[in-house]
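In this note's numbering, the protein residues as written are 22 to 339.
Note that the Cβ used here is the ideal one computed from N, Cα and C, for glycine as well.
As the structure is a computational prediction, the values presented were derived from the model and not from experiment.
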Ligand SMILES: [Zn+2]
């Protein structure tokens, strides 16, 4: 069965830049998951490719420079593979994501650390960034993160205001519970959690509590299932474990708010992925596993890609 797959979180530029000489046009090296031929074989229609340069890795100005290098990496990819990849910046671009067609690439900034001030958002939006998570695992000028309990700063609120004005979607994955709540309290717009699982099944602090998951759904957003084993559970992790997480979410918030956000090659390799996921080509096996559990086709289509498309259609500029 072929579904149009949307993967809401892939660290493509980070993976390619860290692994010098790696060719996105060739199958991924052993232990790694991302490549263009495998994305095509898997039926991907749209990928949210991250710009990832948090203070945890880069200090001050270096974060901005690192983000520039990542954006240049994406620009090289788009130029080199112009027949197979295209940038998605608008609703019109989104309509071009079709089964068997070229794969759309939309940029998600994971951690706003590269922005030296909120006004700099515009420059990144002009280059294609359409989703921003205010912080990664380390606090920055906008927001607290794991190791503290700070919420949003004044700059964080100013950045959120800029994001809404420029139609940039807030990503709540990685935020502290307090920052998560403060983003929701800021306005009543759509939010997403691009790569987070359910704490009810795996009590990791990177996962979300049921009330947080409900809050994303109440804003008509999506929660992307992340395929990193420590966020899925303990012991043997298989596609069944992934489907258990999806099933929990569907029971809690309905099939319209569950999606994929694999985080593949995001600092971990396939040994840390569920059995059955050897590369991005295997994402479609999640849909097959849902079908085996008796999920109706319309729900599977939504979870595998339709929900991300709906949210982006509501958010992206014309
Ligand atoms: Zn992440």
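Taking 8 Å as the upper bound for CB-CB distance, residue 29 and residue 282 are in contact here, some 4 Å apart. In this structure, residue 215 sits away from residue 276, with a CB-CB distance that is not shorter than 7 Å. The beta-bridge partner set that DSSP reports for residue 107 consists of 125. The continuous alpha helix (DSSP H) containing residue 114 extends over residues 112-115. DSSP places residue 301 outside any beta strand (DSSP E), giving it a letter other than H or E. Residue 185 carries a helical assignment under DSSP once its states are collapsed to helix, strand and coil. Cα atoms of residue 188 and residue 210: separation of roughly 10 Å, rounded to the nearest angstrom. When DSSP assignments are scanned along the region 224-262, the uninterrupted stretches of alpha helix (DSSP H) that are 4 or more residues long and fall wholly within it turn out to be 231-239. Note on residue 41: under 16 other CB atoms within 10 angstroms of its CB, so exposed under the neighbour-count rule. Boundaries cannot be given for residue 324, as no alpha helix (DSSP H) includes it and DSSP labels it neither H nor E. About 4 Å separates the CB atoms of residue 66 and residue 25; that is less than 8 Å, so the two are in contact. With respect to the 7 Å criterion, residue 34 and residue 291 are not classified as neighbours on the basis of their beta carbons. CA-CA distance, residue 145 to residue 154, rounds to 13 Å. DSSP, reduced to helix, strand and coil, places residue 211 outside both helices and strands of the structure shown, so it counts as coil. Annotation: residue 291 is outside any beta strand (DSSP E) and is labelled neither H nor E by DSSP.
Just measuring C-alpha positions, the residue of 48, 99, 206, 136 sitting nearest residue 123 is 99.
The three-state secondary structure of residue 280, taken from DSSP, is strand. Annotated three-state conformation of residue 195 is coil, per DSSP. Here residue 194 has 154, 214, 215, 216, 217 as same chain residues with Cβ atoms under 7 Å from its own Cβ, once five neighbours each way along the sequence are excluded. Membership of residue 31 in the beta strand (DSSP E) is indicated by the continuous run 26-31. For the pair of segments examined, the region 173-188 was found to touch the region 131-143: the number of CB pairs separated by less than 8 Å reaches three. The distance from the Cβ of residue 150 to that of residue 173 is about 19 Å, inconsistent with a contact at the 8 Å cut-off.
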